[in-house]
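Residue numbers (the working numbering), protein chains in the order written: chain A, 12 to 211; chain B, 30 to 806. The C-beta atom is built at its ideal place from N, Cα and C for all residues, glycine as well. Everything below concerns the one structure shown next.
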Amino acid sequence: MISLYIKCLKNKSINRFAIIFRLLVIAVSLGFLNVYASESIDRRLQISLSIFPKIVAVDNGLREKLDKKNRVLLAFISEFDDGKARELAKAMRSKIKNIAGMSYRVEPVNLGDILAKDSFSPTAIFLTERLSSKRFNTVMDFAMRKKILVFSPFTGDVERGATVGIAITSRVKPYFNMRTLGASSISINALLIKMSKRYE
Amino acid sequence: MNRYFSHITNRVTLNIIGVMLLVMVAIVMHWIYVLLPTFKDGEQTKADLLVTPYTELIETAIDQKDREKLDELLNRLVLLIDPKIKKPMVLSIKISLVNGELIEKRNSVTSQYAPFTAETPLFSQKTSELLGVLQLEYNAELFNSLIADAERRLVFAVIVFIVMLVFVQRHLFRLLQPLSDLAAQVESVDFGEANKLSKPKKDIAVEIRQVWQAIEKLFLRLRQRDDQVRLEHEAAQVALAEKIKAVAANKAKSQFLANMSHELRTPLNAIIGYSEMLIEEVAELGEMQLDSDLEKINLAGKNLLLLISAVLDLSKIEAGKMQLYYEDVRVNSLIEEIIDIITPLAEKNNNVISVDCPENVKIIHIDVMKLRQSLLNLMSNAVKFTENGKIELIVSQKTVGINEWISFEVQDTGIGLSEKQLNSLFIAFSQADSSTTRLYGGTGLGLAISRSYCRLLGGDITVKSKKNVGSKFTISLPVGRPTQSLSTQETEQSRSLHFESARSALVHSDATVQSERRAKQMIVLIIDDDPMACDMPSRYLGKSGYKVVCVQNAADGIAKINSLKPDVILLDIMLPGSSGWHVLTYVKEHSEFMHTPVIMLTMVDEKTTAYALGANHYLMKPVDKDQLVTAINRCVRKGGIKTILVVDDDQETRKLLSTILRNEGYYVTEAENGHLGLIRVAERNPALILLDLLMPGMDGREFLTQIGQNPKWRTIPVIVLVAKENTQDCNNIVNQVDGVIQKSEFSIGKVISMVKSVLNNENTQPVTKLDDKKECK
């Protein structure tokens with residue numbers, strides 16, 4: 012597309028100012044979209060931080076998924092932006108004292124590290140950035156193998172296989188992928204499931 | 030159904046109903062699929078939002094197991110009042126804890142509508158564990174009241190729509206009713222004066238009023254047109270009646286003219302014929318004192334005949350019955366003929382005539398009779414109204430587009446015409462003014478007839494004139510191509526050769542017929558019931574050497590034709606019993622007689638029929654003697670009448686000799702000098718030449734030399750005319766000629782006897798020797 016525009020600019024018969032003006036419009040539009048998207052993602056991440064521990068708490072197999080020190084281990088996974096993962100982990104720590112009366116640990120983890128260390132067994136995974144399909148599937152394979160839930164605050168991730176996310180209408184509700192739940196052999200309190208949004 | 034839809038009112042009503050139904054369906058669908066779910070979602074959202082701020086407080090109260098606080102919170106929720114419906118917003122609150130405990134608060138108010146339910150999980154603020162579920166029943170009365178309100182409005186809208194529909198229909202009906210009234214009136218109007226459209230009502234629509242007024246105007250115009258048509262019809266009826274009267278009058282006029290011409294011509298025939306005979310008798314008897322009186326009678330008769338002929342011609346032209354007879358005409362000959370006729374008149378007024386006829390004007394294809402009459406009229410007018418002046422006749426021919434036109438300009442230096450006189454110049458029976466008639470005579474028909482002739486021929490006569498200066502009349506006529514292929518150049522170059530061969534044929538023919546004529550006298554059979562028509566021709570044809578036989582009906586005529594086998598037949602049309610047509614048909618149908626010349630001699634103008642049936646000539650009664658003899662001679666010449674050339678510069682002598690010889694049955698050509706004489710010989714090889722010796726230009730002596738040099742011409746016998754004082758000259762040439770006549774001893778008998786003698790000798794022996802008559806005395 013860009014090469015096409017460059018060709019057009021070299022062609023003297025075409026109005027260069029019109030092309031430059033269009034490029035500017037496209038650039039500005041893309042910029043606004045990017046800003047709006049990043050703001051929207053930040054809000055979803057902040058809301059998710061308060062819901063995520065509650066979801067982890069209603070996992071009926073929570074006690075079997077604790078680390079060696081009987082702590083809840085929450086893995087905040089990133090692929091490129093590790094700083095964001097750390098920032099979110101820090102925010103989580105400041106908000107939440109315990110989960111289901113148990114101490115917890117938040118560990119920002121790069122995706123590459125998870126793949127390298129198969130021995131890593133967190134209680135639940137929180138995706139801090141939107142992953143590509145391949146990476147997302149790798150994470151989901153890992154989680155299902157470990158029978159742990161994957162929380163993704165990003166729109167559309169529940170539909171593509173994430174265990175749980177959020178649905179925002181007049182209220183914020185948990186949003187469960189029932190197939191993934193079944194495939195991961197994760198049991199969630201039925202009362203909550205009943206009041207949550209479900210993706211069958 | 031179609032009839033129902035053809036009414037504008039019904040059509041508009043149905044259109045409105047259709048549109049409104051579509052609108053209502055759209056509204057209902059929008060209500061069901063858009064507005065109602067939105068309202069429901071809105072109410073549900075309100076219920077959810079109502080719970081949200083209390084959730085954390087309730088979770089904290091449960092965490093702290095503070096029942097009082099929990100009850101207070103729940104009571105606060107239950108007490109909330111909707112400002113719109115002034116009723117509690119929450120009907121009941123129920124908390125189901127995970128340990129099975131149930132906490133419930135219910136409002137005393139009940140609602141007939143099913144409430145909206147809002148549910149939310151309760152998590153421990155301390156451990157994030159699930160504490161239970163909070164269920165809230167939200168009062169749906171507001172929502173249902175809104176629904177009911179919307180339904181009421183919809184019903185109201187439908188009612189309003191129906192009312193409007195009825196109103197529109199009635200309004201439309203009222204609006205269009207005047208159109209129906211107008212249609213009814215238009216149908217009943219019959220355009221009579223009293224039957225007009227009524228005035229439109231005051232409250233009708235402007236557009237309909239305009240239509241009404243337009244139709245009123247249309248009716249007005251139609252009535253006016255009807256009136257006009259009626260007037261035109263009446264005028265046409267009057268015109269038709271007048272036309273019928275005019276046709277009847279014209280028919281009566283034609284009948285009158287035909288009768289009168291017959292009645293007038295019959296006595297004129299006698300007057301002219303007998304006066305001519307008496308003139309001859311008087312001349313022979315030497316009673317010259319009677320000659321001028323007889324000439325006056327003859328002239329008066331001829332003038333009267335001319336007048337009658339002119340009136341008849343005019344009548345025929347007006348009736349559109351004048352017919353044209355096209356033939357090839359040698360313009361030079363025609364001009365010469367006209368000049369010959371006009372010259373004596375011109376000389377009488379001491380006028381000079383000049384002719385300009387270019388060489389390229391040779392033969393044209395035209396009705397020569399009409400052209401001759403028109404030219405004669407113009408020329409005779411010119412010489413009549415000019416004294417001591419000059420008359421010019423200029424002929425020219427030119428090509429305009431694809432047509433050839435010939436023009437004859439007759440210009441004089443006479444009295445001329447004023448502007449006023451020019452305007453009435455071509456009107457029948459009108460001359461320049463009455464004084465003109467008194468001074469110059471004439472009927473005033475000549476120019477009218479001439480112009481009519483020229484217009485019949487496709488041309489016209491124009492005139493330019495200036496008072497006391499002179500006039501110029503121009504005849505312009507389209508001319509067709511001659512049927513003969515005689516181009517000018519060919520004629521000039523091959524003249525001698527052409528006439529040489531013609532001469533040979535003529536000499537041979539002449540010889541044969543001459544012998545027959547000696548053996549048998551030519552018989553002319555006249556078939557006419559009028560005894561006078563037989564009497565006069567018998568007398569002057571007898572003098573010309575013909576034997577005349579008369580019969581008075583067709584049956585006798587046919588019998589005589591069979592018994593006598595006449596050389597020429599003179600035939601009248603109106604005969605007792607069978608008509609002349611029967612005789613003509615009989616002659617032309619029998620191979621034995623079909624070559625016998627038939628000359629129609631009648632008062633009936635049926636020239637076309639006569640020629641179509643094979644007549645050779647057509648003469649109208651009363652016919653003058655010369656005309657008849659010439660016609661007969663022409664017919665007989667075809668079988669062998671001899672041609673005699675008279676070469677003399679003296680016109681009177683020429684005329685006298687021509688008359689004498691024509692009376693004897695010869696065909697005479699004339700030349701006024703030797704040069705013209707040679708041309709005449711080349712044109713028509715004569716049997717005899719009467720030659721004057723003293724002439725301007727080429728004289729008789731040189732003429733003889735030229736004749737002698739041509740081997741084909743040297744055998745032509747020549748009789749010379751010499752004056753007494755030129756005896757020496759006579760003696761010098763006497764050996765070269767066949768006879769000599771002294772002009773001083775000139776007499777009819779001598780001329781005839783010498784001519785006959787020479788011609789007889791010519792047929793019996795070569796004319797190279799002198800006889801006893803060839804002496805100069």
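Beta-carbon proximity check, residue i vs residue j, cutoff 9 Å
i	j	result
Met155(A)	Pro150(B)	no
Leu138(A)	Val161(A)	yes
Gly703(B)	Gly737(B)	no
Lys449(B)	Val412(B)	no
Phe437(B)	Leu404(B)	yes
Leu686(B)	Asp677(B)	yes
Leu506(B)	Gly475(B)	no
Ile552(B)	Asp596(B)	yes
Val119(B)	Leu126(B)	no
Cys664(B)	Pro605(B)	no
Lys134(B)	Leu86(B)	no
Ser490(B)	Leu407(B)	Correcting the residue identity first, residue 490(B) is Ile in this sequence and not Ser. Result yes, Cβ atoms of Ile490(B) and Leu407(B) sit closer than 9 Å.
Ile31(A)	Val183(A)	no
Leu733(B)	Val747(B)	yes
Leu73(A)	Ala111(A)	yes
Inter-residue spacing [alpha-carbon to alpha-carbon] between residue i and residue j
i	j	result
Leu131(B)	Lys123(B)	7 Å
His200(B)	Ile56(B)	27 Å
Gln518(B)	Asn714(B)	Confidence in Gln518(B) is poor, its pLDDT being 35 and thus under 50, which makes the residue's placement too unreliable to answer from.
Asn645(B)	Ala477(B)	30 Å
Asp210(B)	Val54(B)	39 Å
Phe202(B)	Leu260(B)	44 Å
Asp558(B)	Lys391(B)	44 Å
Met398(B)	Ala270(B)	38 Å
His394(B)	His619(B)	33 Å
Pro795(B)	Leu788(B)	The predicted position of Pro795(B) is uncertain, since its pLDDT is 37 and thus under 50; no value can be drawn from it.
Lys116(B)	Glu166(B)	14 Å
Leu719(B)	Asp655(B)	21 Å
Lys208(A)	Ile199(A)	13 Å
Ile673(B)	Val498(B)	44 Å
Residue i - DSSP class collapsed to helix/strand/coil
i	result
Lys205(A)	helix
Ser786(B)	helix
Phe185(B)	helix
Glu701(B)	coil
Asp801(B)	Caution is warranted here: a pLDDT of 39 is assigned to Asp801(B), below 50, making its placement in the model unreliable, and the coordinate value is therefore given only provisionally. In this structure, Asp801(B) counts as coil in the three-state DSSP scheme.
Tyr303(B)	helix
Arg455(B)	Sequence check: residue 455(B) is Phe here, not Arg. Three-state result, Phe455(B): coil.
Lys493(B)	strand
Ala265(B)	helix
Arg743(B)	coil
Tyr186(A)	strand
Gly129(B)	coil
Ser505(B)	strand
Leu717(B)	strand
His59(B)	helix
CA nearest to the CA of residue i, picked from the options
i	options	result
Val763(B)	Glu618(B), Gln93(B), Gln738(B) and Leu722(B)	Leu722(B)
Glu211(A)	Asn200(A), Thr191(A) and Lys145(A)	Thr191(A)
Ser607(B)	Ile598(B), Leu335(B), Ile587(B) and Arg401(B)	Ile587(B)
Glu305(B)	Ala329(B), Gln284(B), Ile110(B) and Leu404(B)	Ala329(B)
Leu205(B)	Gly418(B), Phe172(B), Trp241(B) and Lys134(B)	Trp241(B)
Asn591(B)	Asp385(B), Lys617(B) and Tyr696(B)	Lys617(B)
Val197(B)	Glu158(B), Ile46(B), Gln266(B) and Leu363(B)	Ile46(B)
Phe141(A)	Thr174(A), Ala201(A) and Ser163(A)	Note on identity: in this sequence residue 141(A) is Arg, with Phe being the wrong assignment. Among Thr174(A), Ala201(A) and Ser163(A), the Cα nearest to that of Arg141(A) is on Ser163(A).
Lys612(B)	Thr637(B), Gly643(B), Lys636(B) and Ile300(B)	Note that residue 612(B) is Val in the sequence shown here, rather than Lys. Measuring from the Cα of Val612(B), the nearest candidate turns out to be Gly643(B).
Thr81(B)	Ser181(A), Ser195(A), Val120(A) and Phe91(A)	Ser181(A)
At 4 residues or longer, what runs of the alpha helix (DSSP H) sit wholly inside the region 547-630 of chain B?
560-572, 583-593 and 609-618
Every unbroken beta strand (DSSP E) within the region 84-167 of chain A, with a cutoff of 3 residues, ordered by chain
Here the runs fully enclosed are 115-121, 135-138 and 160-162.
Jot down the residue ranges of each uninterrupted beta strand (DSSP E) in the region 363-442 of chain B, minimum 3 residues, whole runs only, in chain order. 381-385, 392-395, 419-429 and 432-441
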